[in-house]
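Report on the structure given below.
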Amino acid sequence: MKKELVFITTNKHKVKEIRAQANSESKDITIVHLDYDYPEFQLDEIDTVAEESVNYIRRYKPLKEEKPFFIEDSGLTLPALNGFPGPFSAFVFDKIGNAGILKLMVDKNGEERRATFKTVVAFCESPEKAPVLFVGTSKGKIAKAARGEGGFGYDPIFELESVNKTFAEMSTKEKNVVSHRGRAFRKLLDYIA
Ligand code: ITT
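Per the numbering used here, residue 512 is the first one in the sequence shown, and the count goes up by one each step.
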C-alpha cells in the first residue's frame, strides 16, 4: 500500500505540481491535500518561516489523524532590489503582481535582472519530532515582459537561466525537473525512500 503524505497548503497550483512529481518520481507515495491556512509568520528568512509554520501546526493545530505532513514556503529574490520581495513574496504578489515587479525592474539590464526562486519544504514525520527542512533553488532572470500561459504566480516573468523560456512557457513536468519546488521536493522523496 502507498504511504500517505499530507501536504498542507492553500495553493492548489502547488498541489498540482507536487502531485505530478510524486506520481512520476515515486512509486510509494500518495499526496493528500489539506487546505488549511496556518498563520504565515513574517520573518526575514523563508527557512525560518517554514520551520515555524510546522512548529505552530505541531503544537497548536495538530492533524486529526496522525500522519506525516509537510508544508512549503517559496519566495522570489531580486538582488537588484536588495532581496525584495523574498519572504514577502505572497503579499507583494497580491498587491502589485507581475506588472508591479516589471515596473520596479524597468531600468535594470543584464546582470541586474538576476532572480532566484527558493522553496523550503518543512517535513514533520510525527508531532514529537522536530521538522526536517529541504531547500531547492532555481536561478534565472526577470523577463522584460510576461510570457506564457502555464504555471502560476511569478511564473510568466521568471526566465530560467540558460533556457530561453519562462516557467509559464513550460509544462508542469518540465518545470518540476528544474524548479525550486521540484528540487526541494525531490530531496524529501529521497529522504523518505
Ligand atoms: P501556502 O503558503 O498556503 O502554501 P502561498 O500561495 O501563500 O500558499 P507562498 O507563500 O509559498 O505560498 O508563495 C509566495 C508567493 O510566491 C505567492 O504569491 C505564490 O503565488 C508565489 N509562488 C510560489 N511558488 C511559485 C512558483 O513555483 N512559481 C511562481 N510563483 C510562485
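All residues carry an ideal CB built from backbone N, CA and C; glycine is no exception.
Residue i vs residue j beta-carbon contact at 8 Å
{"i": "F628", "j": "S585", "result": "yes"}
{"i": "E583", "j": "A695", "result": "yes"}
{"i": "V565", "j": "C635", "result": "yes"}
{"i": "L587", "j": "P573", "result": "no"}
{"i": "D558", "j": "V617", "result": "no"}
{"i": "I540", "j": "K575", "result": "no"}
{"i": "G659", "j": "T677", "result": "yes"}
{"i": "R625", "j": "P598", "result": "no"}
{"i": "F602", "j": "I519", "result": "no"}
{"i": "R697", "j": "E528", "result": "no"}
Own chain partners of residue i with C-beta closer than 6 Å, once the 5 adjacent residues on each side are dropped
{"i": "G594", "result": "T588"}
{"i": "Y665", "result": "L587"}
{"i": "A679", "result": "G659, G661, G662, D666 and P667"}
{"i": "V631", "result": "I557, D558, A561, D584, L644 and V646"}
{"i": "V543", "result": "E515 and V517"}
Close beta carbons around residue i, own chain, < 8 Å, minus the five adjacent residues each side
{"i": "D548", "result": "T521"}
{"i": "A704", "result": "S537 and D539"}
{"i": "V526", "result": "F518, T520, I542 and H544"}
CB-CB length for residue i against residue j, believed under 8 Å
{"i": "T648", "j": "A531", "result": "Between A531 and T648 the Cβ distance is about 20 Å, and since that is not below 8 Å, they are no contact."}
Residues that DSSP places opposite residue i in a beta bridge
{"i": "G586", "result": "K629"}
{"i": "V643", "result": "F634"}
{"i": "K652", "result": "R625 and E670"}
Classification of residue i by the beta-carbon crowding that lies within 10 angstroms, buried from 16 upward
{"i": "P550", "result": "exposed"}
{"i": "E670", "result": "buried"}
{"i": "G621", "result": "exposed"}
{"i": "P638", "result": "exposed"}
{"i": "N675", "result": "exposed"}
Chain-order list of residues whose beta-carbon lies under 7 Å from that of residue i (same chain, five-residue window excluded)
{"i": "I668", "result": "N609, I612, L613, I653, A654, A657 and T677"}
{"i": "V651", "result": "This sequence places Gly at residue 651; Val is not what is there. Once the five neighbours on either side are set aside, the close Cβ partners of G651 are A626, F669, E670, L671 and E672."}
{"i": "F552", "result": "V560, E563 and S564"}
{"i": "N687", "result": "E528, A531, Q532 and G693"}
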